[in-house]
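Undergrad:
Chains as they are written, first to last, in the working numbering: chain A, 343 to 424; chain B, 8 to 386.
1) Going by the DSSP bridge assignment, what does residue 376 of chain B pair with across the sheet?
2) Spell out a yes or no on whether the stretch 304 to 319 of chain B and the stretch 374 to 381 of chain B are touching, meaning 3 or more CB-CB pairs, one atom from each, closer than 8 angstroms.
3) On a Cα-Cα basis, can you pick out the residue from B/143, B/121, B/127 that is closest to residue 153 of chain B?
4) Tell me the rounded alpha-carbon separation between residue 305 of chain B and residue 124 of chain B.
5) Just the chain A side, please: which residues come within less than 8 angstroms of residue 259 of chain B by C-beta, in chain order?
6) Taking only beta-carbon positions, decide if residue 419 of chain A is within less than 9 angstroms of chain B.
7) Can you tell me whether DSSP reads residue 392 of chain A as helix, strand or coil?
8) For residue 272 of chain B, which of helix, strand or coil comes out of DSSP?
9) Pop quiz: residue 23 of chain B and residue 65 of chain B are said to be a contact at Cβ under 8 angstroms. What is the actual Cβ separation, rounded to whole angstroms?
10) Counting only Cβ pairs nearer than 9 angstroms, list the residues of chain A close to residue 72 of chain B.
11) How about residue 89 of chain B: is its C-beta nearer than 9 angstroms to some C-beta of chain A?
12) At a Cβ threshold of 9 angstroms, is residue 375 of chain A touching chain B?
13) Identify, in the order they occur along the chain, each residue of the same chain with its Cβ nearer than 6 angstroms to the Cβ of residue 29 of chain B, setting aside the five sequence neighbours on each side.
14) Specify the secondary structure class of residue 356 of chain A as computed by DSSP and reduced to three states.
15) Taking 9 angstroms as the CB-CB limit, is residue 106 of chain B close to chain A?
16) Is the stretch 123 to 139 of chain B touching the stretch 163 to 173 of chain B in the sense that three or more CB pairs, one from each, lie closer than 8 angstroms?
17) At a Cβ threshold of 9 angstroms, is residue 356 of chain A touching chain B?
18) Looking at residue 399 of chain A and residue 212 of chain B, is the spacing between their C-beta atoms short of 9 angstroms?
19) Indicate the three-state DSSP secondary structure (helix, strand or coil) for residue 164 of chain B in the structure shown.
20) Of all the alpha helix (DSSP H) runs that stay within the bounds of the stretch 96 to 147 of chain B, which reach a length of 4 or more residues?
21) Would you mind giving the Cβ-Cβ distance between residue 269 of chain B and residue 283 of chain B, rounded to the nearest angstrom? I have them listed as a contact below 8 angstroms.
22) Do residue 222 of chain B and residue 237 of chain B count as a contact pair if the criterion is CB distance below 9 angstroms?
23) Between the stretch 388 to 407 of chain A and the stretch 67 to 84 of chain B, can you find at least three pairs of beta-carbon atoms closer than 8 angstroms?
24) Which of the residues in the stretch 109 to 133 of chain B, read from start to end, lie with their CB under 9 angstroms from any CB of chain A?
25) So, for residue 278 of chain B: in the same chain, excluding its five sequence neighbours on each side, which residues have a beta-carbon less than 6 angstroms away from its beta-carbon?
26) DSSP has residue 20 of chain B in a bridge; who is on the other side?
27) Taking the DSSP output, what are the residues bridged to residue 360 of chain B?
28) Considering only their Cβ atoms, is the gap separating residue 358 of chain A from residue 413 of chain A smaller than 9 angstroms?
29) Anything in chain B within Cβ reach of residue 399 of chain A, meaning under 8 angstroms, just list it in chain order.
30) Tell me the DSSP secondary structure of residue 327 of chain B in three-state form.
31) In its own chain, which residues sit with a C-beta less than 8 angstroms from the C-beta of residue 362 of chain A, not counting the 5 before and 5 after it?
32) Give a yes or no on whether 9 angstroms exceeds the smallest Cβ distance from residue 364 of chain A to chain B.
33) Does the Cβ-Cβ distance between residue 209 of chain B and residue 219 of chain B come in under 9 angstroms?
34) Taking the straight line between their C-alpha atoms, what separation do you get for residue 7 of chain B and residue 346 of chain B?
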């Protein structure tokens with residue numbers, strides 16, 4: 343069956359988020375992850391980092407507001423430095 | 008604010024820039040004017056000067072391009088990434104690239120070239136992104152009227168950290184060099200004044216905003232301390248001195264009221280079609296303004312406080328409920344008078360009256376505690 347629209351939407355949002363986090367929050371580019379508890383899910387960690395930067399509620403969830411901020415027009419320079 | 012790693016900056020104060028090509032969206036003269044004005048934003052607050060050259064000895068090269076354009080950061084079509092620039096240095100260092108797939112404008116329609124260029128030139132001079140919404144170096148595009156554009160204190164502190172204050176007296180600053188808002192002792196004392204009252208209070212994307220005259224104090228769970236901003240630095244086209252404000256967080260919408268008008272906003276963006284007249288909500292004609300408003304997540308109702316009465320607005324049916332207005336003192340016992348401001352947090356209402364506030368259980372409507380209005384500022 344075609345996947346339910348909301349699942350499709352969730353997949354779209356997750357794809358958008360991964361691209362955004364790779365581009366602006368170094369997702370997947372850190373050679374040696376900073377010494378901290380082994381991350382169970384780097385994407386969740388990066389979502390938290392992005393939510394904190396933008397003053398959103400830090401949940402690690404890809405919620406409506408977080409996706410909204412990721413869609414906003416912006417500068418192409420990353421928000422965090424390697 | 009932040010600078011790039013190792014804080015690269017230009018050794019010379021007299022910088023040269025070259026416009027390599029032009030966007031077809033604007034007359035060349037408009038592009039040149041926007042870029043010149045964008046540099047002036049920074050020269051007004053530093054000793055730096057910027058001269059346009061046509062030769063190859065430019066420090067900062069400005070170009071418009073689409074998609075892949077010879078560096079590692081391809082553009083992505085209309086929207087999303089608008090432009091990027093490189094920190095000070097040789098070769099590509101300092102250069103600014105603008106995505107030609109965007110529509111570049113000289114007015115409020117997206118995207119205003121002056122505003123984006125001023126941000127990118129901040130990078131060209133050594134500033135990285137700022138977390139402070141309302142600052143020029145905040146990564147997300149926010150339209151502000153270029154005619155009286157003013158850098159935030161955060162931007163000024165950042166660039167002067169690299170280059171110091173201006174030595175030349177800027178003749179006619181296209182931007183005011185006086186920082187928008189020096190947090191003077193008075194203003195700090197102001198927030199700890201035991202007699203402090205508020206005009207309006209609302210939540211906004213996890214923050215709590217306390218409005219007073221032209222200012223708003225912002226309390227965020229993610230940042231320590233309280234930030235004080237001018238309302239005009241967040242919403243340049245809105246008036247100050249709001250009467251009431253409330254958030255419907257599931258819709259990421261905040262409603263701001265002043266006199267018989269109200270606006271809907273999402274973050275910095277004012278929703279189209281506003282301001283509207285408050286009587287479109289269903290108030291009777293004698294209501295001239297709202298004193299306070301608060302949205303109840305449980306009942307999906309918004310309560311509007313007017314003098315000694317309150318109204319209940321059904322956010323689902325988008326209509327005022329029958330049987331209202333009712334006396335505040337009847338339904339919210341011990342709150343026997345007017346309400347200046349109100350917001351909801353963690354299942355409680357907070358009603359402000361004068362220098363006091365009432366913590367009220369949203370379900371039982373019983374007053375739990377009475378506190379000073381500014382208890383939130385950890386004075």
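Don't be surprised by glycine CBs; every beta carbon is placed ideally from N, CA and C.
TA: In short, the structure shows the following:
1) Bridge partners of residue 376 of chain B: B/366.
2) Short answer: they don't touch.
3) If we check each option's Cα against that of residue 153 of chain B, B/121 comes out closest.
4) Residue 305 of chain B and residue 124 of chain B: Cα-Cα distance of roughly 45 angstroms.
5) What residue 259 of chain B touches in chain A: 406, 407, 410.
6) Interface residue, yes.
7) Helix.
8) Note: residue 272 of chain B maps to strand in three-state DSSP.
9) Contact annotation, residue 23 of chain B with residue 65 of chain B: C-beta distance approximately 5 angstroms; criterion of less than 8 angstroms satisfied.
10) The contacting residues do not exist; residue 72 of chain B stays about 12 angstroms from chain A at best.
11) So yes, residue 89 of chain B belongs to the interface.
12) Below a pLDDT of 50, predicted positions are generally treated as unreliable, and residue 375 of chain A, at 48, falls in that range; no measurement from the model is reported.
13) Annotation for residue 29 of chain B: 35, 38 place their beta carbon closer than 6 angstroms to its own, counting only its chain and skipping 5 residues before and after.
14) Here DSSP, grouped into helix, strand and coil, assigns residue 356 of chain A to helix.
15) Output row for residue 106 of chain B: interface = yes.
16) Cβ pair count under 8 angstroms is three or more, so yes.
17) Not one chain B Cβ lies under 9 angstroms of residue 356 of chain A.
18) Against a cut-off of 9 angstroms, the Cβ pair of residue 399 of chain A and residue 212 of chain B comes out as a contact.
19) Here residue 164 of chain B sits in helix by DSSP.
20) Counting only runs that start and end inside the stretch 96 to 147 of chain B, the alpha helix (DSSP H) elements of at least 4 residues fall at 120 to 132.
21) About 6 angstroms; that satisfies the 8 angstroms criterion.
22) Residue 237 of chain B places its beta carbon less than 9 angstroms from that of residue 222 of chain B.
23) At 8 angstroms Cβ cutoff, the stretches do not touch.
24) Going along the stretch 109 to 133 of chain B in chain order, one finds 109, 117, 118, 123, 126, 127, 130 with a Cβ nearer than 9 angstroms to chain A.
25) In the same chain as residue 278 of chain B, and ignoring 5 residues on each side of it, the C-beta atoms closer than 6 angstroms to its own belong to 271, in chain order.
26) Paired residue(s): none; residue 20 of chain B is not in a bridge.
27) Partner(s): B/363.
28) Cβ atoms of residue 413 of chain A and residue 358 of chain A: closer than 9 angstroms.
29) Below the 8 angstroms Cβ cutoff, chain B contributes 212, 213, 228 as neighbours of residue 399 of chain A, in chain order.
30) Strand.
31) Closer than 8 angstroms at the Cβ level, and outside the excluded window around residue 362 of chain A, lie 392, 412.
32) Judged by the 9 angstroms Cβ criterion, residue 364 of chain A is not in contact with chain B.
33) Contact: no.
34) An answer regarding residue 7 of chain B cannot be provided, because it is not within the stretch 8 to 386 covered by chain B.
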